[in-house]
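So the sequence lines, in the order shown, correspond to chains X and A.
Take the first sequence: its position 106, counted from the start at 1, is 366 in the numbering used here, and no numbers get skipped.
Take the second sequence: its position 111, counted from the start at 1, is 124 in the numbering used here, and no numbers get skipped.
The beta carbon of each residue, even a glycine, is placed where N, CA and C say it ideally should be.
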Amino acid sequence: MSSLAEVQIRLRHWITAPEGVETALASEPGGARAVVRGDARLSAEDRLSVYANAYFERLCGCLENDYPTLRWTLGEAWFRDLVTSYLLAHPPTHPSLRWAGQHLATFVAEDSRGEPFRRGRGWVGDLARFEWALADAFDAADTPALERSALAALDPDRFAGLRFAVHPSLRLLALEWPIQKLRRAWRKAGDGERCEPAPEELAVVPEAVHAVIWRADERVFHRSMDRSAFEALQRTARGEPFGTLCERIAEDLGDAAAPARAASWLGEWIDAGWIQARVE
Amino acid sequence: MLGFGVGLRAVHYPDILERIANRTLCVDWFEVLTENYMVDGGRPLRVLDDVRASVPVVLHGVSLNLGSTDPLDDAYLEALVRLADRVEPAWISDHLCWTGVGGTQLHDLLPLPYAADVVVHLADRIRRVQDRLKRRIAVENVSSYLSFEADEMSEVEFLVAVAERADCGILLDVNNVFVSAHNHEFDAAAYVDAVPAQRVFQIHLAGHSEQGPLLIDTHDHPVRDEVWALYERALRRIGSVSTLVEWDDRIPAYDRLEEEAQRARLAAETTKPSAAEGSRVVAR
Ligand SMILES: [Fe+2]
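As structure tokens, then:
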């Protein structure tokens, strides 16, 4: 199969070439024609271009779907440039398109090749993380949530040692930018995803935001939390027992308030469906 | 024979669940895009379970990557086995193509050189997949926009050789036959006539569009009249066969999709097979 392997590797090279099939082929005259048949209607190069365009457009459409607000804030031309650079760094490796955009947040926030896209737009990394978390929450595993009544049935003496697990769809994001403002502006622009944002809509300033994203009744929700509650929930997600949680809250808020505060937070989390039924 | 179906698409979930509840569903089965349901949970899987509780389902994949020179993807096969256990599909299908190499997924159905050594390679991989899934799969002919200098035979000769050697089923996409016949100037009718009727599990119908001198398999239009004619030709040859209408882009209202499936039903009811039906190759 070495010849088939070679054909496939060469096709992959031409189809994914960021500069387009023509430029990629310019450096190897006759390269395509040795492999692909052209005819009077269409050259080998033009036939390859059909696949190259389809590759880019399909992935661009997929990423636009996963990152609609990022796409809106960047505008079409910049977003397409971002997709080009991203695909070069992270060509899809998963059999499902679902995962094609999994590295975009890191790319745009940390990769040197993502620098032009974050220059003057410090929020892009946080925005991409946020939108990816929404996608993740949508199809995360189904697990029964803990009911308040089940909590009442637990032995109070054992409470300090209990470990609560969070629902698999729960995502906790410590953000440095008010991403929800950008999301609201995008939503307000309505279906006008094609219309460009006004400069004042993008004039956000850094602000610490503790966001929680979760799924309930098959829909994905998000909201901001107060920092201490967010950190307590984070510790719960990491598997810290309830007693340790109370100690940390005590350090944060002073001893007297800690147990009551922890119990009330836990109650809120349970009502929101954030805590799994399984308790250890 | 499952009857006449359409693809299960997220935009139609509410319509479909409502029709199932009211018993007003006009299609007999659904085809689902396998990869869309290889997820951990949430709405897609719940809807799939609900639909499957009332109607047969076929798993149609795009990323099995049968024609690749990469090793078969074990994790993918594992996920496919899990999904098949959950859904109990009437059968499982994928395409006669390759979709990635060297670890990169191109997310497209790329054609293969139609050569004897590629027949052997492909048939061997189909057999291994069938062994793993403990059933025959159906492989679908794709629309293609290029052909290879290395071609040694016609597309249909390649399809027949692979299907016989792998002892698998065929998903005959008559729109893809029409599109590729135009793009590579071969005879679509002769193609349909050469397909071994007893191996055809299913037929696909879809719409295509024009792009310069090529036809492109865009699945964003109604089925064209020329493709209906080719479908009737296939029906005369194959007899009654499960048929599915694909519509994946610029997706219309669900009713419109059902109309298209009803048109296929009518065509099948009014088309007499030219020969007695022989014994069929089945999934398991
Ligand atoms: Fe098809």
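- Beta-bridge partners of residue 332/X (DSSP): none assigned.
- Contact annotation: residue 237/A and residue 220/A have beta-carbon atoms nearer than 8 angstroms.
- Annotation for residue 251/A: the continuous alpha helix (DSSP H) segment containing it runs 238-251.
- In chain order, the residues with a C-beta atom nearer than 5 angstroms to some heavy atom of ligand 1 are 186/A and 217/A.
- Along the segment 418-434 of chain X, the positions whose C-beta sits under 8 angstroms from a C-beta of chain A are 428 and 429, read in chain order.
- Look at residue 295/A here: in three-state DSSP terms it is coil, with no helix or strand label.
- Residue 509/X sits in a helix when the DSSP states are folded into three classes.
- For the segment 85-99 of chain A, residues whose beta-carbon sits nearer than 8 angstroms to a beta-carbon of chain X comprise 86 and 89.
- Looking at the backbone, the Cα of residue 377/X and that of residue 342/X are separated by about 7 angstroms.
- Burial is judged here by how many other beta carbons sit within 10 angstroms of a residue's own beta carbon; residue 514/X has fewer than 16 and is exposed.
- In the DSSP assignment, residue 153/A falls within the beta strand (DSSP E) that extends over 150-153.
- Closest in C-alpha terms to residue 311/X, from the list 74/A, 157/A, 31/A and 55/A, comes 157/A.
- Shown here, residue 467/X sits in coil according to DSSP, grouped into three states, outside any helix or strand.
- Sequence-distant partners of residue 128/A (beyond 5 residues in either direction) whose C-beta falls short of 6 angstroms from its own C-beta, in its chain, are 163 and 165.
- The straight-line gap separating the alpha-carbon atoms of residue 101/A and residue 126/A is approximately 34 angstroms.
- Against chain A, a Cβ distance below 8 angstroms from residue 315/X picks out 119, 120 and 121.
- Of the other Cβ atoms in all chains shown, 16 or more fall within 10 Å of the Cβ of residue 80/A; this residue is therefore buried.
- Take residue 512/X, set aside five residues on each side of it, and the residues of its chain with a beta-carbon closer than 6 angstroms to its own are 488, in chain order.
- Close CB contacts of residue 231/A within its chain, under the 8 angstroms cut and outside five residues either way in sequence, are with 220, 221, 222 and 262 (chain order).
- Residue 322/X places its beta carbon 8 angstroms or farther from that of residue 348/X.
- Residue 522/X is classed as buried because its beta carbon has at least 16 other beta carbons within 10 Å across all chains shown.
- DSSP lists 479/X as the bridge partner or partners of residue 476/X.
- Put simply, the CB of residue 18/A is far from chain X, with every gap to its CB atoms at 8 angstroms or more.
- Within the segment 370-401 of chain X, the residues whose Cβ lies closer than 9 angstroms to any Cβ of chain A are, in chain order, 397, 398, 399, 400 and 401.
- Rounded to whole angstroms, the gap between the alpha carbons of residue 282/X and residue 295/X is 15 angstroms.
- Residues of the segment 196-227 of chain A with a Cβ closer than 9 angstroms to any Cβ of chain X, in chain order: 196, 197, 198, 224, 225, 226 and 227.
- For residue 425/X, the enclosing beta strand (DSSP E) begins and ends at 424-426.
- When rounded, the separation of the alpha-carbon atoms in residue 475/X and residue 388/X is 18 angstroms.
- Comparing C-alpha distances from residue 498/X to each of 412/X, 413/X and 431/X shows the shortest one belongs to 431/X.
- With respect to residue 469/X, residue 484/X sits close: the two C-beta atoms are nearer than 8 angstroms.
- Residue 504/X has a beta carbon lying at 8 angstroms or more from every beta carbon in chain A.
- Judged by beta-carbon spacing, residue 255/A lies within the 8 angstroms limit of residue 14/A, meaning their Cβ atoms are closer than that value.
- Under the criterion of beta carbons closer than 8 angstroms, residue 291/A and residue 210/A qualify as touching, at roughly 7 angstroms.
- Straight-line spacing of the CA atoms in residue 215/A and residue 45/A works out to 14 angstroms.
- For residue 478/X, the residues of chain A that pass the 8 angstroms Cβ criterion are 55, 56 and 59, in the order they occur in the chain.
- Taking the Cβ atoms as the reference, residue 258/A lies roughly 19 angstroms from residue 208/A, outside the contact range of under 8 angstroms.
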